[in-house]
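Numbering (the numbering used here), first residue to last: 92 to 422. From the three backbone atoms N, C-alpha and C, an ideal C-beta is built for every residue, glycine too. Report on the following structure.
What follows is the structure, encoded as structure tokens:
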């Protein structure tokens with residue numbers, strides 16, 4: 092292990108054990124043993140099994156389903172590290188739960204994303220790394236550094252290897268244009284926008300398409316696929332209006348309820364997601380491709396420890412900024 096990484100330690104909570112192990116192997120650093128137990132009434136207890144004193148701790152945990160349980164794990168782990176005199180506490184949260192509640196959509200609703208930001212800060216987090224936050228302004232809810240890294244370089248590498256022709260990157264709504272434009276710029280492709288209305292949560296109506304998609308290969312770009320109703324409706328509409336092929340690049344595959352069934356019978360040729368949220372075996376189908384975040388996250392952690400550019404680490408994750416003792420981190 093390089094001298095600069097002597098203080099770097101990882102903690103794996105329940106959501107991303109596989110990712111943490113992969114990051115550990117790429118960096119050649121230790122995963123500190125810890126465990127979570129419960130009282131008879133369900134009250135949670137976190138306990139580290141080795142000293143945290145003076146270490147730069149990286150806690151890796153997406154706050155995915157069960158969201159509140161996973162969030163509580165992070166809070167208790169942060170507090171334990173702080174009280175055990177950790178030198179710094181960085182949260183690697185590929186998926187940030189409660190991000191869809193970033194404003195008061197209706198009267199008498201909370202701004203849950205702000206509340207979660209306050210809780211994480213109070214618990215002791217010094218820095219947070221997320222992937223494709225649902226709303227970028229959530230970074231402003233924190234009084235500590237937050238880096239929102241994009242998964243678009245992973246999607247660009249994947250789709251470039253397919254050698255697709257006549258590509259159009261499609262935003263599922265007007266709010267997603269910035270995210271879609273990132274991939275479109277890398278692929279030197281135009282964009283189209285789906286005009287939709289959302290009468291209630293998890294339900295959307297596709298009104299029409301802004302842009303030329305006839306006889307094109309469409310890639311729908313979004314941050315979250317939850318029940319996949321919006322995604323599948325968009326894909327079917329694109330096909331109905333003359334798209335030749337339809338793919339989807341979605342950072343966080345929540346895939347709740349019957350989402351996988353909808354995808355299986357939709358016009359989507361391939362849904363490409365990251366492993367920010369682990370995909371259970373029963374949801375793994377040929378139409379779904381999962382890209383690992385570990386190589387990119389390992390480079391980001393390394394850059395943080397060395398004080399080098401996060402942008403370079405993010406964009407060039409396939410060209411490591413370090414030599415691994417264990418293996419090549421090529422994706």
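Practice problem: Any chance you could list the alpha helix (DSSP H) runs of at least 4 consecutive residues sitting entirely within the region 198-253, in chain order? | Solution: 203-214 and 243-251
Practice problem: Could you pull the start and end residues of the alpha helix (DSSP H) that residue 174 belongs to? | Solution: 158-174
Quiz prompt | Spatial neighbours of residue 357 in its chain, beta-carbon cut-off 7 Å, leaving aside the 5 residues before and after | solution = 323, 326 and 327
Quiz prompt | Contact set for residue 407: own chain, Cβ-Cβ below 8 Å, skip 5 residues either direction | solution = 390
Quiz item: Is DSSP giving residue 101 helix, strand or coil here?
Solution: strand
Self-check item: Closest residue to residue 297 among 188, 233, 332 and 271 (Cα-Cα distance)
Solution: 332
Quiz item: For the region 309-338, which segments carrying the beta strand (DSSP E) assignment without a break, of at least 3 residues, lie completely within its bounds, in sequence order?
Solution: none
Quiz item: Hey, would you say residue 258 sits closer than 8 Å to residue 271, going by beta carbons?
Solution: no
Practice problem: Could you please give the first and the last residue of the uninterrupted alpha helix (DSSP H) stretch that includes residue 403? | Solution: 401-406
Quiz prompt | Supposed close pair residue 287, residue 320 - CB separation, criterion 8 Å | solution = The Cβ separation is near 11 Å, so there is no contact.
Exercise. With a threshold of 16 other CB atoms inside 10 Å of the CB of residue 138, please say whether the residue is buried or exposed.
Key: exposed
Quiz item: What's the call for residue 144, buried or exposed, on a 16-neighbour Cβ count within 10 Å?
Solution: exposed
Quiz prompt | Counted within 10 angstroms of its Cβ, other Cβ atoms place residue 109 as buried (16 or more) or exposed | solution = exposed
Practice problem: Could you pull the start and end residues of the beta strand (DSSP E) that residue 382 belongs to? | Solution: 379-382
Quiz item: My guess is that residue 308 and residue 335 are in contact by the Cβ rule of under 8 Å, so how many angstroms apart are they, rounded?
Solution: 6 Å
Quiz item: Which partner residues does residue 155 have in the DSSP bridge list?
Solution: According to DSSP, which records beta bridges pairwise, residue 155 is partnered with nothing at all.
Quiz item: Between residue 330 and the rest of its own chain, which residues show a CB-CB distance below 8 Å, the 5 nearest in sequence each way excluded?
Solution: 337 and 358
Exercise. With DSSP as the reference, label residue 288 as helix, strand or coil.
Key: strand
Quiz item: Using DSSP with H/G/I as helix, E/B as strand and the rest coil, what is residue 301?
Solution: strand
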